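Count along the sequence shown from 1, then add 96; that gives the number in the working numbering.
Beta carbons are placed, not taken as given, at the ideal position from N, Cα and C, and that holds for glycine.
Keep in mind the model is a prediction, meaning the values are calculated, not measured.
Taking it in order: structure first as structure tokens, then the write-up.
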Amino acid sequence: MNSLFKRKFGAGYRLIFGYVCLFMAFIGLIILLPLLIIAFFPNEWMCYKAFLVPGVGSLVIGLLMYLVLTKGVDKSQLGKHQDSVLLVSIWLSAVLIGALPFFLNQYFYPEIDSIKMNFSESFFESVSGFSAAGLTVFKNLLDGKVAYGLDTFCPHVYLFYRALTQFFGGIGLVLIVTSAVSDRYGMKLFYTEGHNDRLLPNLAKTAKVTFSIYCLIIALGSFALWLFGMDFFEALCHSISGMATGGFSTRSSGFYYFESSSYTGNGVFEYNPIGAEITTCCIMLLGATS
Numbered sequence: 097m098n099s100l101f102k103r104k105f106g107a108g109y110r111l112i113f114g115y116v117c118l119f120m121a122f123i124g125l126i127i128l129l130p131l132l133i134i135a136f137f138p139n140e141w142m143c144y145k146a147f148l149v150p151g152v153g154s155l156v157i158g159l160l161m162y163l164v165l166t167k168g169v170d171k172s173q174l175g176k177h178q179d180s181v182l183l184v185s186i187w188l189s190a191v192l193i194g195a196l197p198f199f200l201n202q203y204f205y206p207e208i209d210s211i212k213m214n215f216s217e218s219f220f221e222s223v224s225g226f227s228a229a230g231l232t233v234f235k236n237l238l239d240g241k242v243a244y245g246l247d248t249f250c251p252h253v254y255l256f257y258r259a260l261t262q263f264f265g266g267i268g269l270v271l272i273v274t275s276a277v278s279d280r281y282g283m284k285l286f287y288t289e290g291h292n293d294r295l296l297p298n299l300a301k302t303a304k305v306t307f308s309i310y311c312l313i314i315a316l317g318s319f320a321l322w323l324f325g326m327d328f329f330e331a332l333c334h335s336i337s338g339m340a341t342g343g344f345s346t347r348s349s350g351f352y353y354f355e356s357s358s359y360t361g362n363g364v365f366e367y368n369p370i371g372a373e374i375t376t377c378c379i380m381l382l383g384a385t386s
């Protein structure tokens, strides 16, 4: 009996580490996604190393470790209270790995002063994003000033990455992971985080529907903000931030910047403050009630 318990207990923790490694791979993908923004802002190419190194590293190491740790392990061997250990481990791995792009840039491209962040600041920004809190320690954002060849103090690739952390934090990190876990223990973990509802009986289908709804609202919100005169990149970032009910903005003064007399529009449409405010309020309400 003792031997059986030890085997099951050990297999359960192997499974926990395996799922954490699988989640590491997923975080690696999130870190790599902002590199697509460089195609639209090629003068920010020098930032790629701060995303490529931790992104590829997390993806490769995570997948390899997942395959090694879960090989021959019964996926239903999570023991009592081990779901809570998995939940805490998932959150810790998310915020620790997610802090690396903020932290590493000072070593790869130290000339950009606005992104020289020590690890505590990087960790704070990561926690704020993945928890959808929206507090920030960034010194300067998009303020229309020139710094080392960039037309902004903070490169767009970092602004988009911050928005992405809020997106995945708002949609629910655990919902994403549990969609890859066996249904029985996936639901147990889902409820452990405090959720008590699901759209569909199958958790994987629930994750897909939730993800689709979030993306649709963000797309419609971004388009509406663009029609009301906001630059499309900033419209996208604010739509994501609003849907996550967070506070990350592309501007140091937040949404107030667009109310100033210096901002007239996106070059296609004049800025309509009332329309933009109502649209953002609707996005936040939908995010808060989802």
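Look at the alpha carbon of residue i and the alpha carbon of residue j, and state the distance between them as a whole number of angstroms.
{"i": "Ser216", "j": "Ala195", "result": "9 Å"}
{"i": "Asn214", "j": "Phe199", "result": "6 Å"}
{"i": "Ser278", "j": "Arg110", "result": "Since pLDDT at Ser278 reaches only 48, below the 50 mark, its modelled position is unreliable, and no value is offered."}
{"i": "Gly363", "j": "Ala372", "result": "16 Å"}
{"i": "Ala340", "j": "Ala228", "result": "6 Å"}
{"i": "Ala259", "j": "Phe220", "result": "15 Å"}
{"i": "Ile314", "j": "Leu382", "result": "10 Å"}
{"i": "Cys333", "j": "Phe136", "result": "15 Å"}
{"i": "Trp187", "j": "Ser308", "result": "23 Å"}
{"i": "Asp267", "j": "Lys145", "result": "Strictly speaking, residue 267 in this sequence is Ile, with Asp absent from that position. Ile267 and Lys145: Cα-Cα distance of roughly 28 Å."}
{"i": "Phe122", "j": "Leu129", "result": "11 Å"}
{"i": "Ala331", "j": "Met142", "result": "25 Å"}
{"i": "Leu316", "j": "Thr360", "result": "22 Å"}
{"i": "Met326", "j": "Leu183", "result": "38 Å"}
{"i": "Leu118", "j": "Leu163", "result": "9 Å"}
{"i": "Asp179", "j": "Leu165", "result": "17 Å"}
{"i": "Ala384", "j": "Gly158", "result": "32 Å"}
{"i": "Ile211", "j": "Leu231", "result": "16 Å"}
{"i": "Ser356", "j": "Ile370", "result": "13 Å"}
{"i": "Ile134", "j": "Ser218", "result": "21 Å"}
{"i": "Thr261", "j": "Pro197", "result": "12 Å"}
{"i": "Val156", "j": "Ser222", "result": "21 Å"}
{"i": "Cys250", "j": "Lys304", "result": "33 Å"}
{"i": "Tyr257", "j": "Thr302", "result": "25 Å"}
{"i": "Leu321", "j": "Tyr203", "result": "36 Å"}
Quick one: measure Cβ to Cβ for residue i and residue j, integer angstroms, because I've assumed they're closer than 8 Å.
{"i": "Phe324", "j": "Phe365", "result": "7 Å"}
{"i": "Pro354", "j": "His252", "result": "It is worth fixing the name first, because residue 354 is Phe in this sequence and not Pro. Not a contact, Cβ separation roughly 17 Å."}
{"i": "Leu148", "j": "Leu132", "result": "In fact, because the Cβ distance is near 12 Å, the residues do not count as touching under 8 Å."}
{"i": "Ser335", "j": "Ile379", "result": "6 Å"}
Looking at C-alpha atoms only, which residue of the options is the closest neighbour of residue i?
{"i": "Ile126", "options": "Ala135, Thr232, Val191, Asn201", "result": "Val191"}
{"i": "Tyr40", "options": "Ala340, Tyr367, Thr341, Ser154", "result": "Summary: the structure shown does not reach residue 40, with the chain confined to residues 97 through 386, and so no result is reported for it."}
{"i": "Phe234", "options": "Lys167, Ser189, Ser348", "result": "Ser348"}
{"i": "Met120", "options": "Leu381, Gly265, Tyr144, Ile193", "result": "Ile193"}
{"i": "Ser337", "options": "Val184, Cys311, Ser358", "result": "Cys311"}
{"i": "Ser345", "options": "Val156, Tyr144, Ile112, Leu255", "result": "Leu255"}
{"i": "Gly114", "options": "Ser224, Val152, Gly168", "result": "Gly168"}
{"i": "Leu265", "options": "Val116, Leu231, Gly225, Thr166", "result": "Strictly speaking, residue 265 in this sequence is Gly, with Leu absent from that position. Measuring from the Cα of Gly265, the nearest candidate turns out to be Gly225."}
{"i": "Gly342", "options": "Pro369, Thr376, Trp141", "result": "Thr376"}
{"i": "Asn201", "options": "Gln178, Pro150, Ser185", "result": "Pro150"}
{"i": "Val181", "options": "Lys212, Ile112, Thr261, Thr302", "result": "Ile112"}
{"i": "Glu140", "options": "Leu160, Thr261, Tyr205", "result": "Tyr205"}
{"i": "Val152", "options": "Leu160, Met161, Gly124", "result": "Gly124"}
{"i": "Ser154", "options": "Ser358, Ser189, Ser185, Ile134", "result": "Ser189"}
{"i": "Phe263", "options": "Thr306, Pro138, Pro197", "result": "Thr306"}
{"i": "Ser185", "options": "Leu160, Val156, Val116, Cys250", "result": "Val116"}
Please check if any C-beta of chain C sits within less than 7 Å of the C-beta of residue i.
{"i": "Ala121", "result": "Any reference to chain C falls outside this structure, which holds one protein chain only."}
**Report entry** Whole beta strand (DSSP E) elements within the segment 305-342, 3-residue minimum
**Finding:** none
**Report entry** Length at least 4, wholly inside the segment 140-210: the alpha helix (DSSP H) runs in chain order
**Finding:** 144-166, 178-194, 196-204
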